[in-house]
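To start, the structure under review is shown below, and the notes come after it.
Residue numbers (the working numbering), protein chains in the order written: chain A, 13 to 298; chain B, 36 to 356; chain C, 19 to 437.
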């Protein structure tokens, strides 16, 4: 019986780390330019599809398509920023909120148009199967995804803290005007951040594609949860998003297991509301 | 915004005559249905506008009020044979109370945080209703096919009564919005939207006025919910409590012009027929083109005309002066 | 001179009148409306249903040597070879569109009957509209029992209800117990929490009580979950003998993978809907083996009814895939409508509806495993509609129950997950 509980904790962590990776990308975009990227889930979908087509057409295992997904999504993010989002930066907040909704609807249905609504699955990834460690079932692809997510998060964290560009991004997040005065090209930082945020969720997509089914609307649920995670962790805070992702993964799984699975997402949203009522800037936000 | 010039009154009368005669010119149910949707979503967009466009609370959770209204009146009708018109008022009051209850702890939230909180609110309500056996849970509620009459708020032989009732509801909500916008309350709302801190300094009770905005918005949205229930005669969480409805309400307001009285109505007049017509003409192939058009339209509007059509029109009017 | 002119003109107008009237009396094209979720969450399902309808219409309009009504003639012989044209309407899975599409198809496209609509909620509102408009609605595939309990005059359902399907599951378990002596005492119910799944859960609770099985878990879940570890964890903890799972396609895939990942192995799985869709086996492949699914169609029925194989061959040639359970159900509906129109010799609603109530299509003229199609005089439910159970073996569907219709023995208990 406690074994089952332990299993649920493990599973909560496995989904939590993927959530973290998705959320980090979102919080980066949010923190730097104050844009909620409602198309974030659809970027995830694009990453998953790229991974799928590389596998199906060229036999490339998802693990090896990660670099390709990263670059492709980086470019996509960059282009969407340059062509669309940058133009609403000076506009009213409502336009900023809504523009990515339009992109989201467009992307999801473009996928329907190009690839039909059919469901796809990568059936024989290189790393598959389940390990059984001390009675706990550990799904190999999920575990690899977790490791990958941790590595990617660490990389981002180091990038932000140690490199000049990363520090410039942080500076822009903290105080846009001051950053401008310091000679930071905030417009370029915006593009970079949007691209980087998209690239991160592209990596998450590649990992997710090793065990989750792929279809045009897959971004929906993941995207929705990601917003709660980012706001829970505090917008702009990478550490916050990372921790919040794990919290939400655990809450969802344990809450569903101990209480009632029918309410598991309601529990997630309730946690968000409670945290935000008590501490409006989120757990680690400023 | 000053609507009392002779030109404006004449224009309003002409539009009203057109709207009243529409179902006599277009006698088929489908165009009448589209206009009913225009009025219904127009009303909800106007309601949203009161708390969003004017008071700056961008809610993506309006569907919760819509569902509460629909469920309240339907449940009361089915279980206690309460007249739907009475149920309409009760539903509105309950929605307002719920708005109050959720709005209070959220009174400090602004911008994105408020938006996400409203989404969370909508989803929580949906989950609750999906599992609440008393009101049908996931199976929903089927309204009884009573004899058609105004008293029963149900009509079988023609859509016309539904059309006119919804039109009256819409005009009612516009009236409410007008009074709000041109009263001191509207001034306070706009101050709050600009800046909470400045509003406080001016002595405005920010929390109290935010709550009022939410309650008015909730009441009107719930009215639309009761209408929906009486019109479609069936509701379940998947049709009256889903996020896409909330999103559509916001998009309509933005497209038409948030922060103006007529903006949301214009948005509904454009978006509802577009979405229905693209669904009819392109949807049946299953290629997703109709939704691609919808998404592209939203993106383009946000980028090039964020003040919406109303902004466009007033801009043109200014230049013509 | 005047009389001659008058005479000539009268003859001319009489001839014109006869010409026009005959045009009206013999429509060259008969329109039928079909409402399905062609976009949105269940788009793959809706498109699958669309394929079944189109295949049926092709056979009706063409000349095929098949034991199906109207197959051997081109079009409807009693109406001068008039052909059927289907106008599709996209419901997007929303009951509000169901109503709007039914009204539009009838009043603007002038369809003489409507078929559809997959989701029971959509069928509910769509058929309400057709009932008001006094136009027949032949429900191809919605299984909610309430649809035929409304006392509607113009609503017909050839297909089974969830009541029948739920009962089938327990009858099947009883038969297994009798045949093998295996101990089966507890079931767990797992169903997606919308109008359909919740109703199935209710029916299953009812029959569990009737057949004296203990329900150790009752789990409704939200569709399109990101992860179902908690639900499966609860199932593992409850240790049921049998899992009854009612799901759409997305969850069928996710749950199958999670069952395997967490090692959930009850004595057997009895499932509905999603497990029958073409995309299911395409994605989960061998992990789908041993799943038992309720159905009203299976390819191996061809052993007793060559018609099934013949139709499937045509279907495969046209679409490159085998006919699925969904496509088979929507395949039957146009035949019911066209056959009735032909018998009534009219497309007017009253004679057509009367003809529908008198429908009596024998079992050897349908691809479904029924004794025939005959509607109860009050409810208009097909009294011969029964379900079968198929099992996935070697990534193919085989009929396993009722045992006297089975082409293969059911593999029970569950043989475990392949590594």
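For every residue, glycine included, the Cβ atom is placed at its ideal position computed from N, Cα and C.
Quantities reported herein were computed from a predicted structural model and do not represent experimental measurements.
*Determine whether the Cβ of residue 42 of chain B lies closer than 7 Å to any Cβ atom of chain C.*
If you number the second chain from 1, residue 42 of chain B lands on position 7. Cβ-Cβ to chain C under 7 Å: no for residue 42 of chain B.
_DSSP three-state assignment for residue 402 of chain C, whether helix, strand or coil_ = Taking the first residue of the third chain as 1, we reach residue 402 of chain C at position 384. Reduced to three states, the DSSP call for residue 402 of chain C is coil.
_Give me the residue from B:61, B:60, B:68, B:85 with the minimum Cα distance to residue 248 of chain B._
Against the second chain, residue 248 of chain B aligns to sequence position 213. The shortest Cα separation from residue 248 of chain B among B:61, B:60, B:68, B:85 belongs to B:85.
*asked:* Using 7 Å as the threshold, is the C-beta distance between residue 261 of chain B and residue 104 of chain B below it?
replied: Mapped onto the second chain, residue 261 of chain B falls at position 226. Mapped onto the second chain, residue 104 of chain B falls at position 69. Cβ atoms of residue 261 of chain B and residue 104 of chain B: closer than 7 Å.
*asked:* Measuring only the C-alpha atoms, how far is residue 128 of chain A from residue 65 of chain C?
replied: Numbered from 1 along the first chain, position 116 holds the residue referred to as residue 128 of chain A. Numbered from 1 along the third chain, position 47 holds the residue referred to as residue 65 of chain C. Cα-Cα distance, rounded: 10 Å.
*Beta-carbon proximity of residue 162 of chain B to residue 275 of chain A, cut-off 7 Å*: Locating residue 162 of chain B in the second chain gives position 127, where the first residue counts as 1. Locating residue 275 of chain A in the first chain gives position 263, where the first residue counts as 1. A distance below 7 Å separates the beta carbons of residue 162 of chain B and residue 275 of chain A.
*With a cut-off of 7 Å, does the C-beta of residue 111 of chain C fall near any C-beta of chain A?*
Within the third chain, numbered from 1, the residue matching residue 111 of chain C stands at position 93. It does not; no Cβ of chain A falls within 7 Å.
_residue 407 of chain C versus residue 185 of chain C - alpha carbon distance_ = Here residue 407 of chain C corresponds to residue number 389 of the third chain, with the count starting at 1. Here residue 185 of chain C corresponds to residue number 167 of the third chain, with the count starting at 1. In this structure, the alpha-carbon of residue 407 of chain C lies about 12 Å from that of residue 185 of chain C.
*Assuming residue 253 of chain C contacts residue 282 of chain C under a Cβ cut-off of 8 Å, what Cβ separation, rounded to an integer in Å, is found between them?*
Indexing the third chain from 1 puts residue 253 of chain C at position 235. Indexing the third chain from 1 puts residue 282 of chain C at position 264. The C-beta distance from residue 253 of chain C to residue 282 of chain C rounds to 6 Å, short enough to meet the 8 Å contact threshold.
*asked:* The beta strand (DSSP E) that contains residue 419 of chain C, what's its start and end?
replied: Sequence index remark: in the third chain, residue 419 of chain C carries index 401 (1-based). Boundaries of the beta strand (DSSP E) harbouring residue 419 of chain C: 414-419, taken from the DSSP string.
*Would residue 284 of chain A pass as a contact of residue 259 of chain B if the rule is Cβ separation under 7 Å?*
Counting from 1 along the first chain, the entry for residue 284 of chain A is found at position 272. Counting from 1 along the second chain, the entry for residue 259 of chain B is found at position 224. It is not a contact, given that the beta carbons lie outside the stated cut-off.
_Considering just the uninterrupted stretch of the beta strand (DSSP E) at residue 314 of chain B, what are its terminal residues?_
The residue labelled residue 314 of chain B in the question sits at position 279 within the second chain. For residue 314 of chain B, there is no enclosing beta strand (DSSP E); the enclosing alpha helix (DSSP H) has its first and last residue at 298-317.
_Minimum Cβ-Cβ distance from residue 271 of chain A to chain B less than 7 Å_ = Working through the first chain from its first residue, we reach residue 271 of chain A at position 259. Under the Cβ distance rule, residue 271 of chain A does not count among the residues neighbouring chain B, no pair being separated by less than 7 Å.
*State yes or no: is the beta carbon of residue 338 of chain B nearer than 7 Å to at least one beta carbon in chain A?*
Position 303 of the second chain, counted from the first residue, corresponds to residue 338 of chain B. Judged by the 7 Å Cβ criterion, residue 338 of chain B is in contact with chain A.
*asked:* Could you check whether the Cβ of residue 172 of chain B sits closer than 7 Å to any Cβ belonging to chain C?
replied: Position 137 of the second chain, counted from the start, is the residue given in the question as residue 172 of chain B. Against chain C, the CB of residue 172 of chain B has a partner CB under 7 Å away; the residue lies at that interface.
_Comparing C-alpha positions only, which one of B:116, B:110, B:43 sits nearest to residue 269 of chain B?_
Working through the second chain from its first residue, we reach residue 269 of chain B at position 234. Looking at the Cα atoms, B:110 is the closest of the given residues.
_Quick check on residue 186 of chain A: does DSSP put it in helix, strand or coil?_
As a working mapping, residue 186 of chain A is identified with position 174 in the first chain. Reduced to three states, the DSSP call for residue 186 of chain A is helix.
*Return the first residue and the last residue of the alpha helix (DSSP H) that residue 278 of chain B is part of.*
If you number the second chain from 1, residue 278 of chain B lands on position 243. For residue 278 of chain B, the enclosing alpha helix (DSSP H) covers residues 278-291.
*Is residue 296 of chain C buried or exposed, if buried means 16 or more other CB atoms sit within 10 Å of its CB?*
As a working note, residue 296 of chain C is residue 278 in the third chain. Buried, because 16 or more other Cβ atoms sit within 10 Å of the Cβ of residue 296 of chain C.
*Should residue 142 of chain C be flagged as near chain B, meaning a C-beta pair shorter than 7 Å?*
Along the third chain, one-based indexing puts residue 142 of chain C at 124. Output row for residue 142 of chain C: interface = yes.
*So residue 220 of chain A and residue 256 of chain A are in contact, right, with Cβ under 8 Å, and what is the actual spacing, rounded?*
As a working note, residue 220 of chain A is residue 208 in the first chain. As a working note, residue 256 of chain A is residue 244 in the first chain. Actually they are not in contact, since the Cβ atoms of residue 220 of chain A and residue 256 of chain A sit about 18 Å apart, beyond 8 Å.
*Coarse secondary structure for residue 186 of chain C, derived from DSSP in three states*: As a first step, residue 186 of chain C is located in the third chain; it is residue number 168 there, counting from the start. Helix at residue 186 of chain C.
*Take residue 371 of chain C and list the residues in its own chain whose beta-carbon comes closer than 6 Å to its own, dropping the five residues that flank it on each side.*
Working through the third chain from its first residue, we reach residue 371 of chain C at position 353. Taken in chain order, the residues that qualify are 154, 172.
*When you check each C-beta in the stretch 143-166 of chain B against every C-beta of chain A, which residues fall closer than 8 Å?*
Taking 8 Å as the Cβ-Cβ cut-off against chain A, the residues of the stretch 143-166 of chain B that qualify are 143, 144, 146, 147, 148, 150, 151, 152, 154, 155, 156, 158, 159, 162, 163, 165, 166.
_I want to verify the contact list: residues of chain A whose CB lies under 7 Å from the CB of residue 297 of chain C, in sequence order._
Here residue 297 of chain C refers to the residue found at position 279 of the third chain. Identification of chain A residues near residue 297 of chain C by a Cβ-Cβ cut-off of 7 Å yields 130, 131, ordered along the chain.
*Between residue 119 of chain A and residue 58 of chain A, which are expected to be in contact by the criterion C-beta below 8 Å, what is the C-beta distance as a whole number of angstroms?*
In the first chain, residue 119 of chain A corresponds to position 107, counting from 1. In the first chain, residue 58 of chain A corresponds to position 46, counting from 1. Their Cβ separation, rounded to whole angstroms, is 7 Å, which keeps residue 119 of chain A and residue 58 of chain A in contact under 8 Å.
_When you compare the CB positions of residue 456 of chain C and residue 356 of chain C, do they come within less than 7 Å of one another, or not?_
Absent from the model: residue 456 of chain C. The displayed extent of chain C is 19 to 437, so no value can be given.
_Quick check on residue 338 of chain B: does DSSP put it in helix, strand or coil?_
Here residue 338 of chain B refers to the residue found at position 303 of the second chain. Looking at residue 338 of chain B - three-state DSSP - the assignment turns out to be helix.
*asked:* Let's test the definition: count the other Cβ atoms within 10 Å of the Cβ of residue 2 of chain A and tell me whether it reaches 16, buried, or not, exposed.
replied: An answer regarding residue 2 of chain A cannot be provided, because it is not within the stretch 13 to 298 covered by chain A.
*Taking Cβ positions only, does residue 341 of chain B come closer than 7 Å to chain A?*
If you number the second chain from 1, residue 341 of chain B lands on position 306. At a cut-off of 7 Å between beta-carbon atoms, residue 341 of chain B makes contact with chain A.
*Among C:214, C:260, C:198, which residue has its Cα nearest to the Cα of residue 226 of chain C?*
In the third chain, residue 226 of chain C corresponds to position 208, counting from 1. In this structure, C:260 is the residue among C:214, C:260, C:198 with its C-alpha nearest to the C-alpha of residue 226 of chain C.
*asked:* Comparing C-alpha positions only, which one of C:138, C:101, C:103 sits nearest to residue 117 of chain C?
replied: For the purposes of this step, residue 117 of chain C is identified with residue 99 of the third chain, where counting begins at 1. Taking the Cα of residue 117 of chain C as reference, the smallest distance to any Cα among C:138, C:101, C:103 is reached at C:138.
*Taking the alpha carbon of residue 138 of chain A as the point to measure from, which residue in A:51, A:186, A:77, A:18 has its own alpha carbon closest?*
Counting from 1 along the first chain, the entry for residue 138 of chain A is found at position 126. Ranking A:51, A:186, A:77, A:18 by Cα distance to residue 138 of chain A puts A:77 first.
*Residues near residue 197 of chain B in its chain [Cβ-Cβ closer than 7 Å; skip 5 each side]*: What you label residue 197 of chain B is simply residue 162 of the second chain in a count that begins at 1. Closer than 7 Å at the Cβ level, and outside the excluded window around residue 197 of chain B, lie 71, 190, 266.
*asked:* Pairs of beta-carbons, one from the stretch 234-254 of chain C and one from the stretch 210-223 of chain C, closer than 8 Å: are there three or more?
replied: Note that the stretch 234-254 of chain C touches the stretch 210-223 of chain C; at least 3 beta-carbon pairs, one per stretch, sit closer than 8 Å.
_Cβ of residue 135 of chain A within 7 Å of any chain C Cβ_ = Taking the first residue of the first chain as position 1, residue 135 of chain A is located at position 123. Taking Cβ atoms only, chain C reaches closer than 7 Å to residue 135 of chain A, which makes this a yes.
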